[in-house]
Amino acid sequence: MNRLLLLSEPADEADGRVFIARLSAVMPGTTLDHFSPAFSFGSVPSWLVQESRSRIASADGIVCLLGTTSIASAWATWAITAGLDVEKRVACVRLHSNPARDVPPPIANTRHVAVMDADTSLLAAYLLEGKLPPERQRKTEPPVEAPLMTRFGKSA
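Residues 127 to 282 (this note's numbering) are what the sequence shown spells out, left to right.
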């Protein structure tokens with residue numbers, strides 16, 4: 127992989143830079159292009175649309191860095207759609223490894239985009255080899271017949 131486009135919201139730019147610095151150590155031969163547009167997607171000047179399209183076209187993969195505002199991000203939605211439309215490998219990374227806080231835009235689920243925690247080696251394995259990381263462990267649910275307090279993790 128020669129070039130990777132990483133997109134983050136301005137509110138997550140600092141956390142994104144930290145993650146990108148860690149990623150550069152794992153993928154030393156890859157150019158990491160960090161894009162954190164300050165313009166609202168609805169008021170984007172035409173030159174920025176052209177520049178953004180050329181960034182997508184020149185990248186080998188697209189990574190949306192997810193933070194607290196990502197669920198409503200029109201930029202992340204656009205990057206996922208544009209990347210998949212030109213057959214790029216696309217992933218979303220939770221910057222804080224918190225699925226309740228770092229939520230991808232709905233298009234990520236609709237288009238079956240890989241969403242993973244901020245583990246650079248897992249992201250590199252996915253981008254370079256197509257290896258999906260294992261799913262998070264889920265807590266086993268107590269049987270429905272169990273007493274109510276047991277189901278809430280409390281003892282009587």
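Idealized CB from N, CA, C, for every residue including glycine.
Please determine, among the options, the residue with the shortest C-alpha to C-alpha distance to residue i.
{"i": "Asn235", "options": "Arg129, Thr207, Glu177, His222", "result": "Thr207"}
{"i": "Pro163", "options": "Ile182, Arg179, Glu135", "result": "Glu135"}
{"i": "Ala226", "options": "Arg181, Gly209, Val241, Ala217", "result": "Val241"}
{"i": "Thr156", "options": "Arg129, Leu149, Gly142, Glu177", "result": "Arg129"}
{"i": "Leu253", "options": "Leu149, Ser178, Ser223", "result": "Leu149"}
{"i": "Gly193", "options": "Asn224, Thr203, Ala183", "result": "Asn224"}
{"i": "Asp353", "options": "His160, Ala202, Ala200", "result": "Outside the shown range of the chain (127 to 282) lies residue 353, about which nothing can therefore be said."}
{"i": "Met127", "options": "Val219, Trp204, Val189, Asp243", "result": "Val189"}
{"i": "Asp243", "options": "Glu255, Val219, Ala251", "result": "Val219"}
{"i": "Arg237", "options": "Pro260, Gly209, Gly256", "result": "Gly209"}
Give the secondary structure of residue i by DSSP, where H, G and I count as helix, E and B as strand, and everything else as coil.
{"i": "Val144", "result": "helix"}
{"i": "Arg179", "result": "helix"}
{"i": "Thr246", "result": "helix"}
{"i": "Leu130", "result": "strand"}
{"i": "Leu158", "result": "strand"}
{"i": "Val152", "result": "helix"}
{"i": "Ala217", "result": "strand"}
{"i": "Ala137", "result": "helix"}
{"i": "Ala251", "result": "helix"}
Alpha carbon to alpha carbon, how far is residue j from residue i? Give it in angstroms, no decimals.
{"i": "Pro154", "j": "Val144", "result": "15 Å"}
{"i": "Ser196", "j": "Val239", "result": "14 Å"}
{"i": "Leu258", "j": "Ala147", "result": "22 Å"}
{"i": "Arg215", "j": "Asp186", "result": "7 Å"}
{"i": "Leu221", "j": "Pro230", "result": "11 Å"}
{"i": "Thr246", "j": "Asp211", "result": "25 Å"}
{"i": "Asp228", "j": "Ala198", "result": "11 Å"}
{"i": "Ala151", "j": "Pro232", "result": "31 Å"}
{"i": "Ala217", "j": "Leu248", "result": "11 Å"}
{"i": "Leu191", "j": "Ser180", "result": "19 Å"}
{"i": "Ser184", "j": "Ala202", "result": "17 Å"}
Terminal residues of the continuous alpha helix (DSSP H) containing residue i?
{"i": "Asp211", "result": "200-211"}
{"i": "Ala234", "result": "232-236"}
For the beta strand (DSSP E) that residue i lies in, which residues bound it at each end?
{"i": "His222", "result": "Neither: His222 is in no beta strand (DSSP E) and is coded neither H nor E."}
{"i": "Val189", "result": "187-192"}
{"i": "Thr90", "result": "It is not possible to answer for residue 90, since the shown part of the chain is limited to 127 through 282."}
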